[in-house]
Amino acid sequence: MRIICFTWVLVWSAMPAMAASIEGRIKGERFEWMSAQNSTGIDLTSSVWDLPLHLPTAEHVVPGGAIAANRNIELKQMDGSGNASLRLQMMGVRYRLANHNASNPYDGGDAYATTTDIGGDVFVLGDGVGNKVYTLSKTSNPFTHYKPVFRINNKNWMDGMKGQPSGTYRGVLNYAIPYNYYRNGIIIRNTMQASLVVTLEYAPAMLTSVRFVTKNDDINPRYHGFPERMVGGRTEYQIEATGVFPNGVLMGLKPLTGRASQYQLDSLSTEDDSFITYSASCDVGCNGYQKIITDGRAEIDMVNKLTIKSQHGTTAIALISVVLTNTELDTLINDTYRGSFVLMFSAGL
777 MRIICFTWVL VWSAMPAMAA SIEGRIKGER FEWMSAQNST GIDLTSSVWD LPLHLPTAEH
837 VVPGGAIAAN RNIELKQMDG SGNASLRLQM MGVRYRLANH NASNPYDGGD AYATTTDIGG
897 DVFVLGDGVG NKVYTLSKTS NPFTHYKPVF RINNKNWMDG MKGQPSGTYR GVLNYAIPYN
957 YYRNGIIIRN TMQASLVVTL EYAPAMLTSV RFVTKNDDIN PRYHGFPERM VGGRTEYQIE
1017 ATGVFPNGVL MGLKPLTGRA SQYQLDSLST EDDSFITYSA SCDVGCNGYQ KIITDGRAEI
1077 DMVNKLTIKS QHGTTAIALI SVVLTNTELD TLINDTYRGS FVLMFSAGL
């Protein structure tokens, strides 16, 4: 009779903490990652690999997933008082193993994660060690590179940052990477302590200023027509908005107040009720529809707005023209006519 004895010894050890880092940017309503990349379709991973330090040598290895005590990361403004708690879910770890000859299913009773080979890399998704054991070509460090796999909902992060001041935010999420390795017939549990450092540049959509670059409130009358004499005229306003608005600047028209039923110039004389209606439009700088007022009738309001195109996401310039409706001169008196309309501006979302 031949008796084969296999020794199972579970030994726990912890390695020093190492850190991966990612950088993102929220600018207006646009979220982008500069140093994070797609990993598994919906999950992300850091662009740069981490290098494990001083790992014990092994003959076989069972790579493990990531275990994080917290599912939220606390981001704090580096030069201010802003802070936000945002959900960041650790999903697993991506490895590059040392040279290995084969892999086999592993079910040691502690395999709670799923291991998948993709393009030469090993993905372990879930908590605890994975369900594959790899036989190394020689006794060596079990893996040469690793990086965390995590999940972030960009919309939730943008919502979570609303109300925070502009600036640079940074936070750290600590997690553990357990794995098993074999040496001299003994299975040993090792745990690496690791960290993910997140840096976020936050610049919410905001309008800093709106000013007139050029303006002329006086409209010089232009007379034309025969035998019926008509009067008209026009003026222009150039407007410049500054701030952060990648999606442009929204321009709405404030509703009329009181008894007014249309936009018009009224005689300053208290004894006369003559008036001149006018039109206004965005002649340069706006997307799509450009009419603001047509012959005294509003074309936009505080819901249906025009969009002024942004230049580099920080400046928007528009040319607004006001044109008097041609009016019979006989219906007017020799007087000054005055009127107004109010445009409201906000950063595009």
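With our numbering as the guide, the letters of the sequence shown map in order to residues 777 to 1125.
Note that the Cβ used here is the ideal one computed from N, Cα and C, for glycine as well.
Counting along the chain, where does the alpha helix (DSSP H) carrying residue i start and finish?
i    : result
G936 : N930 to M937
If you draw a straight line from the C-alpha of residue i to the C-alpha of residue j, how long is it?
i     : j     : result
N996  : S1116 : 16 Å
V948  : S879  : 34 Å
G868  : P924  : 6 Å
V785  : N966  : Residue placement at V785 is poorly supported in this model, since its pLDDT is 38, which falls under 50; the coordinates are not used for a value here.
T915  : E835  : 5 Å
T903  : A970  : Correcting the residue type first, residue 903 is Asp in the shown sequence and not Thr. Going by the C-alpha atoms only, they are around 15 Å apart.
T1011 : E808  : 43 Å
A1074 : I1109 : 26 Å
Y871  : V837  : 12 Å
T920  : L829  : 9 Å
R1035 : A1056 : 21 Å
D886  : Q1087 : 57 Å
M866  : A889  : 13 Å
A796  : D993  : 59 Å
I1078 : S823  : First, the amino acid is wrong: residue 1078 is Met here, not Ile. One C-alpha to the other measures close to 44 Å.
A874  : Y958  : 14 Å
G1089 : R927  : 28 Å
F899  : A845  : 21 Å
N950  : L983  : 37 Å
H1000 : V1099 : 15 Å
L1095 : Y1013 : 6 Å
P1128 : D819  : Absent from the model: residue 1128. The displayed extent of the chain is 777 to 1125, so no value can be given.
P1134 : W825  : The structure shown does not extend to residue 1134, since the chain is modelled only from 777 to 1125, so the question has no answer here.
F1021 : A1123 : 5 Å
T821  : Q813  : 6 Å
N1063 : N929  : 31 Å
L1119 : L1026 : 10 Å
Y1065 : T816  : 42 Å
L864  : L901  : 15 Å
D1106 : R998  : 14 Å
H989  : D897  : Checking the sequence, you will find Val at residue 989 rather than His. In a straight line, the C-alpha of V989 is about 58 Å away from that of D897.
So, for residue i: in the same chain, excluding its five sequence neighbours on each side, which residues have a beta-carbon less than 7 Å away from its beta-carbon?
i     : result
L862  : N848, I849, L851, W933 and G936
L1125 : E805, A981 and N1023
D1042 : F1051, Y1113, R1114 and G1115
R987  : E1016
A790  : Interpretation of A790 is limited by its pLDDT of 44, a score under 50 that renders its predicted location unreliable; no figure is taken from the coordinates.
E1104 : E1004 and M1006
L827  : H921
Return the bridge partner residues of residue i from the DSSP annotation.
i     : result
H921  : R872
L912  : H876
Q1087 : T1091
G856  : Paired residues: none, contrary to the question.
S1055 : V1099
K803  : R806 and A979
M1078 : Per DSSP, none; premise fails for M1078.
R987  : E1016
What do you reckon, are the CB atoms on residue i and residue j nearer than 8 Å?
i     : j     : result
S1097 : D1049 : no
I1076 : I1084 : no
H876  : T833  : no
F1121 : A1017 : yes
P839  : T891  : yes
T976  : I1093 : Sequence check: residue 976 is Leu here, not Thr. Contact flag unset, no.
G1028 : K991  : no
G841  : G884  : no
Who are the near neighbours of residue i in its chain, counting only those whose CB is closer than 8 Å to its CB and skipping five residues on each side?
i     : result
Q940  : Q853, G858, N859, A860, Y978 and P980
T1091 : E1016, A1017 and T1018
T1101 : G1008, I1052, T1053, Y1054, S1055, D1071 and G1072
L1044 : D1111, T1112, Y1113 and R1114
R946  : L851, K852, M854, V973, V974, T975 and L976
G895  : none
If I measure Cβ to Cβ from residue i and keep anything under 6 Å in the same chain, skipping five residues before and after, which residues do I get?
i     : result
Y1039 : I1069, G1072 and F1117
M810  : E799
V973  : A795, S797 and V948
K908  : S879, Y882 and T891
I779  : Since pLDDT at I779 reaches only 29, below the 50 mark, its modelled position is unreliable, and no value is offered.
In the DSSP assignment, the beta strand (DSSP E) including residue i goes from what residue to what residue?
i     : result
P954  : G943 to R959
V837  : A834 to V838
W809  : R806 to W809
Y999  : R998 to H1000
M1027 : V1025 to L1029
Y1013 : R1010 to V1020
I995  : Careful: I995 lies outside any beta strand (DSSP E) and carries neither H nor E.
D1111 : Looking at the DSSP string, D1111 is not in any beta strand (DSSP E), and its letter there is neither H nor E.
F899  : D897 to L901
S1043 : Q1040 to S1043
S1122 : L1119 to A1123
Q813  : A812 to N814
S1037 : Counting along the chain, S1037 falls outside any beta strand (DSSP E), and DSSP gives it neither H nor E.
S822  : L820 to S822
T891  : T890 to I894
Residue i: beta carbon under 7 Å from a heavy atom of the ligand MG?
i    : result
Y945 : Looking for the ligand MG in the displayed structure turns up nothing, as the structure carries no ligands at all.
Between residue i and chain D, is the shortest Cβ-Cβ distance under 8 Å, so that the two count as touching?
i     : result
M1027 : Of the protein chains in this structure there is only one, and it is not chain D.
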